[in-house]
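Heads up: the sequence shown is residues 1 to 133, going by full-length UniProt numbering. From the three backbone atoms N, C-alpha and C, an ideal C-beta is built for every residue, glycine too. For clarity, every value in this text was computed on a predicted model and none was experimentally measured.
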Amino acid sequence: MKKKVAFVCVHNSCRSQMAEGWAKKLGSHVLEVYSAGTEEYKEVKPGAVQVMEEAGIDMSEHYPKLLSDIPAELDILITMGCNVVCPFVPSSHSEDWGLEDPSGGPIEDFRNTRDIIKEKVEDLIKRVENNEI
């Protein structure tokens with residue numbers, strides 16, 4: 001049975017969207033993947049879409065979602081480093097990845113964040129496969 005995982009940040013416009021993209025590409029065999037934000041936002045950041053496209057992941061159809069748009073109960077909640085009080089969502093396991101938001105910075109910041117998220121998602125998938133989570 002797949003684990004329900006949600007990646008959450010404030011706007012669901014960059015880091016959580018990249019994590020959703022990686023998790024769907026790399027972990028769909030063990031994860032049911034969602035992402036959401038705590039505040040409404042108009043679009044996924046173009047820099048995030050661009051760097052994920054460079055990695056072969058199409059996020060052109062992604063859009064920011066709110067917590068109310070995802071399942072109310074999860075197996076795994078990953079907060080991305082909100083710099084505010086992160087939301088409480090019922091889950092069996094939660095962790096904060098503490099990632100800096102690359103928004104407003106150069107495209108290289110988006111690429112670095114993308115690569116860090118990929119490593120963290122790969123580690124998460126291994127832990128799920130090994131029944132550590």
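**Prompt:** Is the CB-CB distance between residue 18 and residue 125 below 7 Å?
**Reply:** no
**Request:** Using DSSP bridges, identify the partner residues of residue 93.
**Result:** Answer is 76, bridged to residue 93.
**Prompt:** For residue 115, which option in 4, 6, 11, 15 has the closest C-alpha, if you only look at C-alpha atoms?
**Reply:** 15
**Prompt:** Under three-state DSSP, which class holds residue 36?
**Reply:** Strand.
**Request:** Could you say which of 101, 108, 8 lies nearest to residue 34 if we only look at CA atoms?
**Result:** 8
**Request:** Could you round the C-beta distance between residue 106 and residue 113 to whole angstroms and report it? I think they count as a contact, below 8 Å.
**Result:** That belief does not hold up - the Cβ atoms of residue 106 and residue 113 are roughly 11 Å apart, past 8 Å.
**Message:** Within 7 Å of any Cβ in chain D, is that where the Cβ of residue 47 sits?
**Reply:** No chain D is part of this structure, which consists of one protein chain only.
**Alpha carbon of residue 132 to alpha carbon of residue 95, nearest angstrom** = 14 Å
**Item:** Endpoints, the beta strand (DSSP E) within which residue 7 is located
**Value:** 3-9
**Asked** How many angstroms separate the CA atom of residue 129 from the CA atom of residue 30?
**Response** Take the alpha-carbon of residue 129 and the one of residue 30: they are about 7 Å apart.
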